[in-house]
Amino acid sequence: MAAASGAVRTSRFRALKTARPGAEAGPVVYWMFRDQRVRDNWALIHAVDQANRANVPVAVAFNLFDQFLGARARQLGFMLRGLKQLQRDIEETLNIPFFLFQGDAGETIPNFLEECGATLLVTDFTPLRQIRKCKELISSKVSDRVTIHEMDAHNVVPVWVASDKLEYSAKTFRGKINKLLPEYLIDFPTLELPNRRWDGSCQPIDWDDLIAHAISKGAEVPEVHWCIPGETAALEVLKGKENGFLTKRLKNYSTERNNPLKTHALSGLSPYLHFGQISAQRCALEAKRVRQLHPQAVDTFLEEMIVRRELADNYCFYQLHYDSLKGAWEWAKKSLLEHASDRREHVYTREQLEKAQTADPLWNASQLEMVHHGKMHGYMRMYWAKKILEWTKGPEEALEICIYLNDKYEIDGRDPSGYVGCMWSICGVHDQGWKERPVFGKIRYMNYAGCRRKFDVDGYISYVKRLVGDAKKRKRAEALLDERPQKQSCC
Ligand SMILES: Cc1cc2nc3c(=O)[nH]c(=O)nc-3n(C[C@H](O)[C@H](O)[C@H](O)COP(=O)(O)OP(=O)(O)OC[C@H]3O[C@@H](n4cnc5c(N)ncnc54)[C@H](O)[C@@H]3O)c2cc1C
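Per our numbering, the sequence shown starts with residue 77, numbered consecutively.
Structure follows, in structure tokens:
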């Protein structure tokens with residue numbers, strides 16, 4: 077059993093930096109990045125707990141990068157609208173100030189710590205390279221009075237506890253993580269109110285202006301309207317009375333989740349999980365509560381949401397080349413390179429793929445589902461990525477295009493599960509070798525005929541046509557609304 081330091085067991089966080097002994101305690105700052113929520117957030121629980129123990133105030137800081145992995149209106153709008161609600165909740169219900177900075181967190185966070193005299197920085201965990209580098213920079217910049225705790229508030233089992241090495245497959249990982257669940261899949265403690273008030277106040281944040289700016293700057297990929305941002309909406313998707321996943325849609329998860337026409341069979345939680353607007357641990361706890369009703373569905377859901385999702389974090393944490401051919405297993409790299417110059421029936425450019433201009437109507441439909449709806453069905457994501465391998469000049473280019481499109485259009489993109497999804501499809505990561513064939517080598521193959529056997533391909537194509545039509549109609553209506561006041565002011 078792991079030791080507890082206050083409200084949180086010590087294995088859930090690691091010290092990235094320890095202050096020199098004897099330094100006087102100053103305020104605690106939680107630099108929130110990946111876990112953008114008030115409820116069920118181990119990093120926030122720890123920050124408040126440590127502040128109360130030292131009888132010092134606590135604040136939350138968020139840094140808005142000028143650009144992060146190419147996020148556009150779709151992703152930024154969702155995030156900022158969620159943060160707007162979060163700021164209100166955290167200030168009104170907990171009396172914790174929320175500071176928003178813009179620019180490079182490698183500068184803004186150390187500056188803020190210096191300004192307010194903080195001596196403990198709590199931050200949440202992500203395996204993404206850019207943020208790891210940023211944390212290294214912050215650690216090197218802050219004074220020797222500052223301790224930094226990195227908390228894995230995203231995974232049910234902290235990534236460094238689940239395994240101390242790069243796991244080969246779900247098979248090697250599953251046993252390890254399942255063994256640890258009784259210890260880590262536990263109820264959250266109540267979040268305490270801070271004992272001390274923050275001295276001074278924070279700058280008011282003009283959220284509407286920020287959102288309008290992000291939306292116009294990233295207009296190439298507009299927001300989607302079916303996915304309501306924020307913690308309350310996330311809980312509604314999980315267990316709402318009307319159409320919650322666990323309350324209304326769970327029954328068919330294990331049997332229908334691979335049918336792209338049955339979109340409601342899926343949880344729809346990935347945007348919320350990606351932005352940390354809901355805790356995976358909360359989803360798992362709630363799912364376990366209804367296991368008696370639908371045991372197979374719950375077990376399948378937990379396999380996806382814990383084993384597969386946390387395996388993706390394991391991969392990105394231990395494999396720094398998580399988005400390049402260099403990160404493939406040796407057998408796969410060798411096989412892909414041996415077949416790199418095989419003749420392809422079609423070779424498309426990135427632009428042709430982006431515009432869904434291929435000879436395959438099924439593939440085009442999946443691309444359009446992603447571009448206009450913002451979330452491609454999980455089954456189609458595999459087919460979509462594998463076809464990119466088949467239709468581009470070689471595996472490196474295929475992977476680059478796949479990640480580029482995924483991150484640009486998916487509302488849940490720029491996520492370890494996305495990098496691993498692309499690496500699994502194109503580079504065989506976490507998969508095994510299959511019968512050798514042209515272009516794919518030993519990488520698992522998928523084709524149109526296989527899809528036809530599995531689901532109603534024409535039905536899916538028609539469904540996407542309707543989605544695209546609706547999206548275009550909405551866009552036209554919005555454009556008309558935008559024009560109206562301008563015309564009026566001309567008169
Ligand atoms: C090429 C490709 C690209 C992908 N890109 C992304 C991405 O950018 N972001 C993303 O979150 N997921 C990605 N996935 C994984 C998966 O397709 C999505 O998580 C899933 O479709 C999200 O929809 P859902 O939440 O309704 O799924 P559900 O089936 O309801 O799953 C519940 C949760 O389990 C997790 N999960 C499900 N399938 C997987 C998987 N294969 N690997 C890891 N975790 C999984 C997700 O957190 C998901 O939200 C990708 C998969 C592939 C093959």
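The C-beta atom is built at its ideal place from N, Cα and C for all residues, glycine as well.
Residue i CB to nearest heavy atom of ligand 1 below 6 Å
| i | result |
| --- | --- |
| residue 488 | yes |
| residue 158 | no |
| residue 454 | yes |
| residue 333 | yes |
| residue 231 | no |
| residue 380 | yes |
| residue 239 | no |
| residue 385 | yes |
| residue 400 | no |
| residue 498 | yes |
| residue 155 | no |
| residue 523 | no |
| residue 363 | no |
| residue 446 | no |
| residue 509 | no |
| residue 256 | no |
| residue 146 | no |
| residue 325 | no |
| residue 457 | yes |
| residue 349 | yes |
| residue 538 | no |
| residue 373 | no |
| residue 215 | no |
| residue 276 | no |
| residue 450 | no |
Cβ-based burial, residue i [other Cβ within 10 Å; buried from 16]
| i | result |
| --- | --- |
| residue 313 | buried |
| residue 245 | exposed |
| residue 554 | exposed |
| residue 178 | exposed |
| residue 424 | buried |
| residue 77 | Here residue 77 scores only 47 on pLDDT, less than 50, and its place in the model should not be relied on; the value that follows carries that caveat. Exposed: under 16 other Cβ atoms inside 10 Å. |
| residue 84 | buried |
| residue 104 | buried |
| residue 258 | exposed |
| residue 29 | With the chain represented from 77 up to 567, any question about residue 29 goes unanswered, as that position is not in the structure. |
| residue 565 | Low confidence applies here, because residue 565 scores a pLDDT of 39, under 50, leaving its location unreliable; read the following figure in that light. So residue 565 ends up on the exposed side. |
| residue 483 | buried |
| residue 355 | buried |
| residue 331 | exposed |
| residue 563 | Summary for residue 563: the model assigns pLDDT 48, below 50, so the residue's position carries little reliability; its value from the coordinates is reported in the next sentence. Result: exposed. |
| residue 396 | exposed |
| residue 181 | buried |
Bridge-paired residues (DSSP) for residue i
| i | result |
| --- | --- |
| residue 199 | 107, 226 |
| residue 178 | 140 |
| residue 517 | 513 |
| residue 614 | Nothing about residue 614 can be reported from this structure: the residues present for the chain run from 77 to 567 only. |
| residue 462 | The partner list for residue 462 (beta bridge, DSSP) is empty, contrary to what the question assumes. |
| residue 338 | Residue 338 is not bridged to any residue. |
| residue 96 | In DSSP, residue 96 forms no bridge with anything. |
Integer Cβ distance of residue i from residue j, believed to fall under 8 Å
| i | j | result |
| --- | --- | --- |
| residue 186 | residue 214 | 6 Å |
| residue 133 | residue 272 | 4 Å |
| residue 487 | residue 303 | 6 Å |
| residue 345 | residue 156 | So it is not a contact: roughly 20 Å between Cβ atoms. |
Residue i CB to nearest heavy atom of ligand 3 below 6 Å
| i | result |
| --- | --- |
| residue 228 | This structure lacks ligand 3; the ligands present are ligand 1. |
Kindly confirm or deny that the stretch 543-553 and the stretch 442-450 touch, where touching means at least three C-beta pairs closer than 8 Å. yes
Counting beta carbon pairs with one atom in the stretch 121-141 and one in the stretch 166-173, are three or more of them shorter than 8 Å? yes
Taking contact to mean at least 3 C-beta pairs separated by less than 8 Å, is the stretch 399-406 in contact with the stretch 468-478? yes
Are the stretch 201-215 and the stretch 300-314 touching by the rule of at least three beta carbon pairs closer than 8 Å? no
Could you tell me whether the stretch 289-299 touches the stretch 149-167, using the rule of 3 or more Cβ pairs below 8 Å? yes
Sufficient close CB pairs (3 or more, under 8 Å) joining the stretch 315-322 to the stretch 193-204: no
Below 8 Å, can you find three or more Cβ-Cβ pairs linking the stretch 433-445 to the stretch 372-381? no
Pairing CB atoms from the stretch 89-96 with CB atoms from the stretch 105-114, are three or more of them under 8 Å? no
Taking 8 Å as the cut-off, does the stretch 234-243 touch the stretch 384-395 (at least 3 CB pairs, one atom from each stretch)? yes
Answer yes if the stretch 346-364 comes into contact with the stretch 230-237, meaning at least three C-beta pairs across the two stretches below 8 Å, and no otherwise. yes
Assess contact between the stretch 490-503 and the stretch 527-535, defined as three or more Cβ pairs (one per stretch) separated by less than 8 Å. Is contact present? no
Counting pairs of beta carbons, one from the stretch 462-471 and one from the stretch 335-342, are three or more of them closer than 8 Å? no
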